[in-house]
Amino acid sequence: MQMRASLRKKVQPEAIFDTHPEVSLDFDKVRQILASGYHKPFLLVDSQLVREKTRRFKAAMPRVCPHYAVKANPDPRVLKVLIEEGAGFEIASIPELDLLLGLGVPAAEIYYSNPVKSRAYLEYAAAKGVEWYVLDSVEELRKIVSVKPDARLYLRIETPNIGSDWPLSGKFGAQLADARQIIAAAVELKADLAGVTFHVGSQCRNPENWRVGTERAQKVFADMKKAGLRPRLLNIGGGFPVRHVKPIPSIEVIGEVVNRAIADIPEDVRIMAEPGRYLVSDAGYFVCRVIGTSTRGGKRWMYWDAGVFGGVIETMEGLKYKVKTDRTGPDVPWNVAGPTCDSVDVMMKDELLPSDMQEGDFVYVKNAGAYTTAYASNFNGFPLPDVIVL
Ligand SMILES: Cc1ncc(COP(=O)(O)O)c(C=O)c1O
């Protein structure tokens, strides 16, 4: 495919960051819910915002069909809104598949995007009618084909995760040399290797990653065609960011980069994305409470009733949330930990929070609708957080 000069045009950094408004769940709604009492940590989600974000995503990239990444927030009420908005879905497991089938989503709209799947899960998905499966190795190709010879397959390739707050490279993604071997094996097995995907890393603040990913995908398309395959799916993955503390490019700016990058891709190639965080994060506030404070070795600690195991886990890779409190004291550095006995249960070190924080205070984590309750466990016997959907 010919690369046009405009495709290489880069968006200037000063034009892309935080020049736009973002909408978050109205904090008054959190207050209203709390007025009826507090029993345990909860996530409050405004489904109207999920609706609006889905529409905004589609408007920014009209040719790109969003397939929501269920892992970000699998609450059935959230999924129903996405179904009403015409989104498709991306799954990592059979429980996610069952959840969607139970809500009436046709199996053909569900893409199995976990690059390594157990044989039992593959057999189940095939029996339920899932058509599209990802892979990033010859081994997985052989496994899928042995279960479902007519599966439609898409190849996950490696792409830069530069500027992503939650990188997803390393564990998955074929390099170009691997891709050639996979293509050759697909030809030999008469497998329908029909697409390419990549993931730029979650909370990706660098739109250029999508351009590079798309260019690499086009190179792989060319190799596939040369080998006699018929590429007809480009899946540009997830990674679309929401506003926390660091500046982000708007979805419209990312859309400009993506739209330009896909402009030359023939009409018969379906283009999809797998947004998770973008569609649900700023629809939610995560609310929990300080169960105690302590000062040791001159260091202030506060302990919340939800920590790394209770939903506040993404801070471990350096993601920074906006944390709101009802205190007004001057900000001082705090170490913030969860309620369990595990020493990894520390969410933040030297986080600036009001000096007068005390036992019993509420803590409101803004734009926390994604990857919070979805990660929570019962470790140490602490209850799972509630999810309240408006
Ligand atoms: C395969 C795949 N697709 C999509 C997503 C969603 O990414 P995000 O929430 O950053 O949009 C993920 C996240 O881990 C993923 O692994």
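Residue numbers (the working numbering): 19 to 408.
Backbone N, C-alpha and C fix where the C-beta goes; we use that ideal spot for every residue, glycine too.
Assigned with DSSP and collapsed to three states, residue 314 falls in strand. Judged by DSSP secondary structure, residue 277 falls within the alpha helix (DSSP H) whose first and last residues are 269-280. Of the heavy atoms belonging to ligand 1, at least one sits nearer than 6 Å to the Cβ of residue 90. For residue 365, the closest alpha carbon among the candidates 60, 334, 146 is that of 334. Nearest to residue 192 by C-alpha distance, out of 115, 229, 234, 89, is 234.
With a cutoff of 7 Å on beta-carbon distance, residue 54 and residue 99 are scored as not near each other.
Considered as a whole, the segment 341-386 harbours 341-343, 349-355, 364-372, 380-383 as its complete beta strand (DSSP E) runs of no fewer than 3 residues, in chain order. Annotation: residue 140 to residue 360 spans about 35 Å, alpha carbon to alpha carbon.
Here residue 178 carries a coil assignment [DSSP, helix/strand/coil]. DSSP lists 215, 290 as the beta-bridge partner residues of residue 253. Not one heavy atom of ligand 1 lies closer than 6 Å to the C-beta of residue 59. In the structure shown, residue 113 adopts helical secondary structure according to DSSP, grouped into three states.
Burial check for residue 236: the Cβ neighbour count within 10 Å reaches 16 or more, so the residue is buried. CA-CA distance, residue 171 to residue 212, rounds to 6 Å.
Less than 7 Å divides the Cβ of residue 352 from the Cβ of residue 371.
By alpha-carbon distance to residue 323, the top candidate from 197, 298, 356 is 356.
Remark: C-beta atoms of residue 257 and residue 299 do not approach each other more closely than 7 Å. Taking the C-beta atoms as reference points, residue 279 is found no nearer than 7 Å to residue 215. Residue environment: residue 294 is assigned as buried (16 or more neighbouring CB atoms within 10 Å of its CB, all protein chains considered).
For residue 190, the beta-bridge partners assigned by DSSP are 187.
Pairwise C-beta distances place the segment 128-135 in contact with the segment 143-156, as three or more of them are shorter than 8 Å. If you check the CB distance, residue 238 and residue 228 do not come in under 7 Å. Taking every protein chain shown into account, the CB of residue 138 has fewer than 16 other CB atoms within 10 angstroms, so this residue is exposed. Rounded to the nearest angstrom, the Cβ distance from residue 250 to residue 385 is 36 Å, too far for a contact under 8 Å. For the 7 Å CB-CB criterion, residue 84 and residue 291 form a contact.
By the Cβ rule, the segment 38-53 counts as touching the segment 301-314, because three or more pairs are nearer than 8 Å. Rounded to the nearest whole angstrom, the CA to CA distance from residue 180 to residue 76 is 25 Å. Taking non-hydrogen atoms of ligand 1 into account, the C-beta of residue 295 is found less than 6 Å away from one of them. Per DSSP, reduced to three states, the secondary structure at residue 304 is strand.
Beta-carbon to beta-carbon, residue 203 and residue 245 are separated by about 10 Å, too far to satisfy the 8 Å threshold. Out of 67, 369, 189, 135, the CA that lies nearest to the CA of residue 166 is found in 135.
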